[in-house]
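Student: So the sequences go chain by chain: A and B. If you're matching positions, the first sequence starts at 3 in the working numbering and goes up one per residue. If you're matching positions, the second sequence starts at 622 in the working numbering and goes up one per residue.
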Amino acid sequence: MNVIELENVKKDYPLGATTVHALRGVSLAIKEGDFISIVGPSGSGKTTLLNIIGCIDNATEGSVKIHGKEVTTHSDRRLTDLRLHTIGFIFQTFNLIPVLSARENVEFPLLLMKKENLTNKEIRRRAEKLLEEVGLKEQMNQKPFELSGGQRQRVAIARALVTKPAIVLADEPTANLDSETGEMILKQMKELNLLEKTTFVFSTHDPDILKYANGVLKIKDGLMAS
Amino acid sequence: MLVFKIAWRNILRHKGKSIIIGSILFLGALIMTLGNATAIGMQKGVEENIVRGFTGHIILVSDQETKDNVLFTPMAKPLKILRDYDKISALLRQQDYVKDFIPMTRGGVAILGGSGMNFLLTFGCNFDDFQRVFGNPVEAVEGQLLTNGDHGLLINEKSRQNQHKMQGYWLVPAGYDLNRDNLSEEARSELPGLPQKSDLALGGFGEPNSTDLTLPIRAITRFKSLNNLMQEISIMDIESFRQIFGYYTAADLVQELPPEQERLLASGEEDLFGSADIFSTGSSSTVAELEKTIHAEARPSAKINYDNAAYNYVSVLLKPGEDLGAAVARTRELMKDNGLPVKVLSWKQASGQVAQISDILRVVINVFVILLFFVAVIIIMNTLSMTAMERTEEFGMMRAVGARKGFITRMFLSETLALSAIFGGAGILIGALVAWIFHPLGISSGDSEILELLFGGEVFQPTLGVGGVVGGIAALGVVTVLAVLYPLFVARRITPLDAINRH
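1. Would you mind telling me which residues of chain B sit closer than 7 angstroms to Arg127/A, beta carbon to beta carbon, in chain order?
2. Just to confirm the assignment: which complete beta strand (DSSP E) runs, minimum length 3, are found wholly within the segment 959 to 1022 of chain B?
3. Could you check which residue in Asn119/A, Gly35/A and Pro43/A has the C-alpha nearest to that of Thr200/A?
4. Is it buried or exposed, Asp1068/B, if we count other Cβ atoms within 10 angstroms and call 16 or more buried?
5. Report yes or no: is there a C-beta of chain A within less than 7 angstroms of the C-beta of Leu1106/B?
6. Grouping DSSP H, G and I as helix and E and B as strand, with all else coil, what is Met226/A?
7. Express the C-alpha separation of Trp629/B and Asn1/A in angstroms, rounding to a whole number.
8. Compute the beta-carbon to beta-carbon distance between Gly728/B and Phe826/B, rounded to the nearest angstrom, for a pair I have assumed lies under 8 angstroms.
9. Does any residue of chain B have a CB that is nearer than 7 angstroms to the CB of Asp59/A?
10. Is Leu133/A near the ligand GTP - that is, is its Cβ less than 6 angstroms away from at least one heavy atom of it?
11. Does Ile991/B pass the burial test, meaning 16 or more other C-beta atoms within 10 Å, or should it be called exposed?
12. Anything in chain B within Cβ reach of Pro175/A, meaning under 7 angstroms, just list it in chain order.
13. So does the segment 51 to 66 of chain A actually touch the segment 169 to 177 of chain A, counting three or more Cβ pairs closer than 8 angstroms?
14. For chain B, find out if any of its Cβ atoms is closer than 7 angstroms to the Cβ of Arg85/A; answer yes or no.
15. With C-beta atoms as the reference, is Glu25/A less than 7 angstroms away from Val66/A?
16. Can you tell me the Cβ-Cβ gap for Val41/A and Lys220/A, rounded? I've got them flagged as a contact below 8 angstroms.
17. Strictly under 7 angstroms for the Cβ-Cβ distance: is Leu1097/B near chain A by that measure?
18. Taking a contact to mean a Cβ-Cβ separation below 7 angstroms, would you say Val1080/B touches Ser1065/B in this structure?
19. Considering only residues of the same chain and omitting the five flanking positions on each side of Ala650/B, which have a CB-CB separation below 6 angstroms?
20. Put Gln788/B into one of helix, strand or coil per three-state DSSP.
21. Within 7 angstroms (strictly less), CB to CB, does Pro167/A reach chain B?
22. Give a yes or no on whether 7 angstroms exceeds the smallest Cβ distance from Val1022/B to chain A.
23. Under 7 angstroms between the Cβ atoms of Leu114/A and Val164/A?
24. Any contact of the segment 780 to 788 of chain B with the segment 803 to 813 of chain B, i.e. 3+ C-beta pairs under 8 angstroms?
25. Would you decide whether Tyr15/A is buried or exposed? Buried here means 16 or more other CB atoms lie within 10 Å of its CB.
26. Compute the beta-carbon to beta-carbon distance between Pro167/A and Leu98/A, rounded to the nearest angstrom, for a pair I have assumed lies under 8 angstroms.
27. Please confirm whether Val624/B and Met1032/B have their CB atoms less than 7 angstroms apart.
28. If you count every other CB in all the chains shown that lies within 10 Å of the CB of Ala215/A, and 16 or more means buried, which is it?
29. If you measure beta-carbon to beta-carbon, which residues of the segment 96 to 107 of chain A are closer than 9 angstroms to chain B?
30. Could you tell me which residues DSSP puts in a beta bridge with Val1080/B?
31. To the nearest angstrom, how far is it from the Cα of Val908/B to the Cα of Tyr869/B?
32. Under a three-way DSSP split, which group does Asp750/B fall into?
33. Straight-line CA distance for Ala1053/B to Leu850/B?
34. To the nearest angstrom, how far is the alpha carbon of Pro962/B from that of Pro699/B?
35. If you reduce the DSSP assignment to three classes, tell me which class Ile641/B lands in.
36. I think His1060/B touches Thr1084/B, with their Cβ atoms under 8 angstroms apart; what is that distance to the nearest whole Å?
Listed below in structure tokens is the structure:
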């Protein structure tokens, strides 16, 4: 079953007097449990594509479906709720709330999900379990500024997974990490993909990490290359 | 809970900005609280010293009066006679909101026999009642205050100095020696040949029926409060005032006529004028003798009821806590329902400029406080807007992981309200503490008339009741909400995409 479907998606940005065509008609379909890598050179449209899939940017034209439902017509509130319940994000650098500890950062989306009726104890237990899984048991009470770049990315992964989302989107998650840490993070993402059947879509321009992906989408000049 | 946790930690994290915003809120709240205490203190001072010490809360005058400013009219234009005082007083006695009242007269008298025209703003009353109703506002500097039945004039010590400057003589109470301690510098320089007077020949000003009357100076006086403001006010006994202005006096009403006059009044016109005998000499009922009898100096032996004769106005004091506006409205209705020809005025209406100057000064303070808050709102708004924009990545990331705009609103509001509560609250608390400390100590106006008017008395006591504190908290709340509106708008508009683009 396709969890993500894009049909002829275009995205234009005004830039002064001219218009930048970031996406020129992208169509794709991603199945549940896929571990997909989007590759392409800088400025090819990888981040724009992830933003549109993640409902944090609107397509200028075309159709975007999540779990078969068209989202381009959703209100801001519905899109926010969709991000909360269905999509997990791992950004390149800005990831965590600076005033909250690692554990509190992971708890944050769950605390926003009032309808789940989870007790504070259950929320804490789930956050601690995930932090343990990403190897941060000892650092869970530390603030982001006390953690290394790799540790922060792992906290972000834990936070992205804590709501058990159907899709996790990661924009160059290893770009600012050394190769060893980057590989470790990708391994963890892959383990969770296999364990939870979560769909992962991540952008990268590092050919060494493509071995983890079970599908690669190449993008160039706003068009799918293959 | 999550919102408050993040808000509180953000306050601590952005200490610099928190302290800037907090300091502005603290100063604003402090100045506002002190301003409030000043305004309330002034209000109370005016209430205590002008209203409860001289004017009363409500003034009743004749409905023939065209202007409201009846008490301190420039040139003391004569007031109309207030009719039916007996009925008015009977009604006032029945009202639960009325503490006390006193009928008075007011007019300008010309001092005769001097060089040039010189006037005194004079109030006539039963002085014992005046002192009782207004809580002994007048004290004697020299001589003896009037008591019931005394005739004479009470001259203010400042007015005496003015008389000396204009007329060249120094007023000394009748029967008293010159008190050298109270002489002005100018008067002292004229010793030992300083001219002295113990009575004044007075003529009613602007009243066609007025007559001249020479009155003894009974005392040189001063008002215990606001003496500078009320230095031109002289007080005389009610009967002397009536005589000067040609009003019907109480004595007229109880004049006991000799048997001869009674017989004449009882005679018919034919008996009086039907015979030439009436012009015969030796008759005991000649016109000359009749006139002599009528103008006799002898006072009636019967007890005088002062209330039966003429007054210009009635001062009404309300019971503590009574609302002035409501009391004026009730009194108007009362007079109207009983068909009495009365115009009901509040003390502010009746006092004209005296009350207006005090009001204007209070408005100036309030405008200053409002301007201060306006500036505070602008500075806080600017700082918070900058803070919101600097936190684009944080807000954008929160929105990306599922925080609604409402969450951002609550978090931003919580931060600002917490700062407002802590720093603004401290400002109000310290302001209230300063007011509480200075209340018993008082601040002297020195000899400044402006300060005396501003303070509502010679000593200013900043006063801040529960209402003042609650008002301060409300004003602080308004300022906070106004200051946070635009920054909140900025914060709510931040999208995850803004955060990505910024990065």
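Yeah, the Cβ is synthetic: ideal placement off N, Cα and C, and Gly gets one too.
Tutor: Checking against the coordinates, here is how it stands:
1. Here the premise fails: no neighbours, minimum Cβ distance about 17 angstroms.
2. 963 to 967
3. Gly35/A
4. exposed
5. no
6. strand
7. Given a span of 3 to 228 for chain A in the structure shown, any question on residue 1/A remains unanswerable.
8. 7 angstroms
9. yes
10. This structure lacks the ligand GTP; in fact it carries no ligand of any kind.
11. exposed
12. Within 7 angstroms Cβ-Cβ: nothing; Pro175/A doesn't reach chain B, min ~14 angstroms.
13. yes
14. yes
15. The sequence shown places Leu at residue 25/A, rather than the Glu named in the question. No. Outside cutoff.
16. 6 angstroms
17. no
18. yes
19. Gly1045, Gly1048, Ile1049 and Leu1097
20. helix
21. no
22. yes
23. no
24. yes
25. exposed
26. With a Cβ gap of about 17 angstroms, Pro167/A and Leu98/A do not count as contacting.
27. yes
28. buried
29. Phe96, Asn97, Leu98, Ile99, Pro100, Val101, Leu102 and Glu106
30. Ser1065/B
31. Any reading at Val908/B is ruled out, since the residue's pLDDT is 46, under 50, leaving its predicted position unreliable.
32. helix
33. 30 angstroms
34. 18 angstroms
35. helix
36. 6 angstroms
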